[in-house]
Structure formats: structure tokens, C-alpha cells
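Numbering (the working numbering), first residue to last: -10 to 445. The beta-carbon is built from N, C-alpha and C at its ideal position, and this holds for glycine as well. Note that the structure is a prediction, hence the values are computed from the model and not measured.
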């Protein structure tokens, strides 16, 4: 069933450029605007100073004329509801009448002047087809302007189409400009975008001009990463910019301070709902972002950081060893850090697990603003196991008379292990031994920086 309402304008931004960093570039080469025009039978109805079709046609032609002299701009026109009379209902009645090209304004105006409203309103189908109206090209900005006097009349679902376009990495964010919209009809479009009501023809024209004008305006922003004193001094961390609705990555950039030691300026599209992931450790997420078109926007996030360095007192036996860092109270691994190399973390308290033999646990390690927290561990010793034959064995450390398992031996006759200083016990049985009481046990001591030979 078709609902008749006054003119509604959907403005949908589609980022179809293959270069995912296109938004970060300051020079968008070409802006392409596809107008999708409603020529369904209901456009013959009266509204304000005349027929809906005449008013919409007049305003759109005026707008197209205003875009004629703009550099790096291309226009196209798709029309629906104009090929087949209603009834019957032809839900594929949608056609790209004027493809993108240079100097095609006169063709668009001629087509608009000759349109006769006839059929139904296949909004979802038209949106779906419009994704194919943009020829593949880099460094472009693609905008769809859909003008209609009614909601979906076929079985299509504009919301589902929007999700489908998002899943294909096409960003969809509509602006809805309507006159006298029914509350229930507004709710039907909540999944599609934002609403703006025009009370008369003049307001409708003004809103259309404002929204299209925003397409050509550059909206700047700077990301302030705040230290513990709430000053924007933190930098040199990767930022991932997402479309909040589709969760698709739009672009990445390393946060940078300019020559004035201020956060560098980037340019964002105000039609997109952004989510920014600041790849600190742990990561910081900014998802409550309001971008004001044609303004310089300040986006701030607390990101106070300090450093953690774990090293041994002497030597370099642990150069290839990792340590696991976790937030206090959490089991998940936050980061696997290398020995001897400092790493930045958000100010806070952490637990670390050093993957030495035996493992070393350090809890409640505090990271403070711009300071390096250094943890030193004892220099290990070397243990050479010389076994009479291949077999099975386990290694234990003795702590306060308690035996704590460290690892299983590899079962070969000769092995070398790097162990922390302390008292140890090894249990060994050769492969040929067929009785448990043939297992052999030997205690030994490991001293920092020294080697010890253990044999049976």
C-alpha cells in the first residue's frame, strides 16, 4: 500500500572511491551528484503553489543550473515511475536517463521538462540500481539526491538496501527533508537517516541548496589526544577512522603534530557518522562524534601515556623473550612486549607475566604520564643436561620447600636451558626402563651468569 505525503528529499552520501584514504586527501578531484527523481503518478498531486511535479522540476532545474559552472563536478539523472502507468504496478520502473558526463546540464534539463508522472514508487529498487550508476574512478566524491513525494510503494525495503550498500563498503547516510510528515511515516525512515521538515516551497528550496552546498564544503578537524593534565600533547599513534554505521574502515593516519607543535588538520565528510579508534595500548575509542559542516571541529580524547621497560640486570640472554601485559583484573592479553624494548601504555596499573623459565609474575605495575617504569630481572644461568639415553623428564623449581613444575624436557640426551637463579629438581626415566622406580631424581642450583652441568 502506498502512503502519500508531501515532498521528501533523501540525500545519501556514497563513498565509492576505491582509495580508502581518499577522505584524508585534501584535494578531491571530482564531485559526482546523481539525482534520482520521482515521476510516479502521485507527483501529479497539488502542493503549495502548484503541482508537485512542476515545483520539484522547477527547483531541481534551478539547482542544476547553479552547478553548471562548478569545476570538477559531474551530474547524472535517474528517474523512476515514468515509463509505465499505474495500475498495474511495475516495481522495476527505474532508469538512468542521463549518465555522468561533462557538459550534460542541457540534457538533464530537457529530460526533466519532458517527464510525465505515470507509475509507482520503487525507492529501494532505485537505490539499489544507483550503486551501478557511478563508473569506477579514483579520487571522487559521490552523492545521491533522491526526490520523492511518497515512501516505498513496492515490496522493497530501503533500510535493507542501505545495509546491503554498507556491507559492500558503500557509506550511506541520508538527509530527509519533508513537509508535513506524519509521525508514523517518519518512524519508517529512522533506519535510513535524519529528518528535516520544510513548511513551504521556499523552505524546501532553501534546504535543498544548503544540503547540496555542504557537498562542496570542506569540513576540517583536529584530533586532540589529551595527557593527564588535559593538554593535547600525546601524538605519534595510529588513528583508524570508521563509518560508525557500517563498521568499515575509511582510512588510517598516524597522529601528527605540525610545525607549530599542534595537532595536524584533517578533512572529514560531515555526512558520515565517524568512529575513531586510537591505537594506544589499550586502545581508546571515540564514538560520540558530532561533525559540524563547514566548521573546524575539535575532537578530543583522553590518552595519557607512559612507558614500560623490562630488562635483565646483565647480559642479553632474554633478547628474544616476550612478556605478556594485562590490565589489572582482566585475563585477556593486552600486548606481548619484547624484553629490552620500551613500549607506551595508557596511564594505569598493569600485571605482567614474563615468559622466562620459570615464569615471573609482576603485579600492580604503575604507568605514569611520560615516565618510564623500569623492571629489572636477575641475569639467568645456563643448565646443560647430559642424559645417559633418550627418555622422559620434567623440571621443577623449589620454592619454600614446595615443588613447582616448570616444563617437560624434550627427551634427548643433551639439552641446554636458560633458567632464573634458584633451586631446581629434575626427574628422568630412560625410554628403555620399564619400571617406575627406575626414575632418577637430582637437585641442583642455578646461579646468575654461570653454567651448571646436570647428569645422571
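Spatial neighbours of residue 34 within its chain, please: CB distance less than 8 angstroms, with the 5 preceding and 5 following residues excluded, ordered by chain position. Taken in chain order, the residues that qualify are -7, 40, 41, 138.
Around the Cβ of residue 232, are there at least 16 other Cβ atoms within 10 angstroms (buried) or fewer (exposed)? Label assigned to residue 232: buried.
Can the beta-carbon of residue 254 be found closer than 8 angstroms to that of residue 265? Cβ distance not < 8 angstroms, so residue 254 and residue 265 don't count as in contact.
For residue 168, three-class secondary structure by DSSP: Confidence at residue 168 is low in this model, with a pLDDT of 48, below 50, so the placement of that residue is unreliable and no value is reported for it.
Please name the residue, chosen from 380, 358, 396, 374, that lies closest to residue 423 on a Cα-to-Cα basis. It is 380.
To the nearest angstrom, how far is it from the Cα of residue 419 to the Cα of residue 338? Straight across, the Cα-Cα distance linking residue 419 with residue 338 is about 47 angstroms.
Quick one: Cα of residue 123 to Cα of residue 132, how far? Taking the straight line joining both Cα atoms gives about 10 angstroms.
So, under 8 angstroms CB-CB, residue 297 and residue 326 are touching, yes? Tell me the CB distance rounded to an integer number of Å. Confirmed, about 7 angstroms.
Assuming residue 56 contacts residue 49 under a Cβ cut-off of 8 angstroms, what Cβ separation, rounded to an integer in Å, is found between them? At roughly 11 angstroms, the Cβ-Cβ gap does not stay under 8 angstroms, so residue 56 and residue 49 are not in contact.
Under a Cβ-count criterion, where at least 16 other Cβ atoms within 10 Å of its own Cβ denotes burial, should residue 432 be classed as buried or exposed? A residue is called buried once 16 or more other Cβ atoms fall within 10 Å of its Cβ, and residue 432, having fewer, is exposed.
Check each candidate in 354, 38, 247, 402 and name the one with the smallest Cα separation from residue 317. Here the closest residue by C-alpha is 354.
Nearest to residue 504 (by Cα), restricted to the options 270, 319, 295, 147: Only positions -10 to 445 of the chain appear in the structure, and residue 504 is not among them; the question remains open.
Cutting at 6 angstroms between CB atoms, please list the residues of its own chain near residue 10, excluding the five before and the five after it. Since pLDDT at residue 10 reaches only 45, below the 50 mark, its modelled position is unreliable, and the value read off the structure follows with that caveat. So the list reads 240, once near-sequence residues are dropped.
Along the chain, where does the alpha helix (DSSP H) that runs through residue 53 open and close? Counting along the chain, the unbroken alpha helix (DSSP H) around residue 53 starts and ends at 41 to 56.
Beta-carbon within less than 7 angstroms of residue 453's beta-carbon, same chain only, minus the 5 sequence neighbours each way: which residues are those? In this structure the chain extends from -10 to 445, so residue 453 is not present and cannot be described.
According to the neighbour-count rule (16 or more other Cβ atoms, all chains shown, within 10 Å of its Cβ), is residue 134 buried or exposed? Label assigned to residue 134: buried.
Cβ atoms of residue 364 and residue 344: under 8 angstroms apart, would you say? Cβ distance not < 8 angstroms, so residue 344 and residue 364 don't count as in contact.
Give me the Cβ distance between residue 288 and residue 213, rounded to the nearest whole Å; I'm assuming they're in contact under 8 angstroms. Right, their Cβ atoms sit about 7 angstroms apart.
Supposed contact pair residue 334 and residue 294 - C-beta distance, whole angstroms, cut 8 angstroms: Indeed they touch by this definition, with Cβ atoms about 6 angstroms apart.
Validate contact between the stretch 386 to 395 and the stretch 240 to 251 using beta carbons, cut 8 angstroms, 3 pairs: Too few Cβ pairs lie closer than 8 angstroms, so no.
Using the beta-carbon count (16 or more within 10 Å), is residue 304 buried or exposed? Here residue 304 is exposed, its C-beta having fewer than 16 other C-beta atoms within 10 Å.
Can you tell me the Cβ-Cβ gap for residue 67 and residue 115, rounded? I've got them flagged as a contact below 8 angstroms. That pair is a contact at about 6 angstroms.
Quick test of your reading: residue 367 and residue 437, contact by CB under 8 angstroms. State the CB separation rounded to the nearest angstrom. Residue 437 and residue 367 do touch by the CB rule: their CB atoms are close to 5 angstroms apart, below 8 angstroms.
What three-state label does DSSP hand residue 396 in the structure shown? Correct three-state label for residue 396: strand.
Nearest neighbour of residue 21, chosen from 96, 52, 130, 70 [CA to CA]: For residue 21, the closest alpha carbon among the candidates 96, 52, 130, 70 is that of 130.
Rounding to the nearest angstrom, what Cα-Cα distance links residue 80 and residue 143 in this structure? Taking the straight line joining both Cα atoms gives about 6 angstroms.
Which runs of the beta strand (DSSP E), 3 residues or longer, sit entirely within the stretch 75 to 162? List check, beta strand (DSSP E) in window: 83 to 90, 129 to 139.
Do residue 336 and residue 217 have their beta-carbon atoms positioned less than 8 angstroms apart in this structure? In contact: residue 217 and residue 336 (Cβ atoms closer than 8 angstroms).
Could you tell me the alpha carbon to alpha carbon distance between residue 237 and residue 442, rounded to whole angstroms? About 58 angstroms.
Measure from the alpha carbon of residue 109 to the alpha carbon of each residue in 127, 82, 125, then state which is nearest. Closest by alpha carbon: 82.
Best match in 90, 391, 331, 383 for proximity to residue 430 [C-alpha to C-alpha]: Answer by Cα proximity: 383.
Taking residue 329 as the reference, which of 360, 357, 299, 341 has the closest Cα? Closest by alpha carbon: 299.
Taking the alpha carbon of residue 411 as the point to measure from, which residue in 421, 101, 435 has its own alpha carbon closest? Of the residues 421, 101, 435, the one whose Cα lies closest to the Cα of residue 411 is 435.
Look at the alpha carbon of residue 426 and the alpha carbon of residue 306, and state the distance between them as a whole number of angstroms. Cα to Cα, the separation comes out at about 37 angstroms.
Can you list, in chain order, the residues of its chain with a C-beta nearer than 7 angstroms to that of residue 407? Leave out the 5 residues immediately preceding and following it. Cβ contact annotation for residue 407 (same chain, cutoff 7 angstroms, sequence separation greater than five): 306, 346, 369, 371, in chain order.
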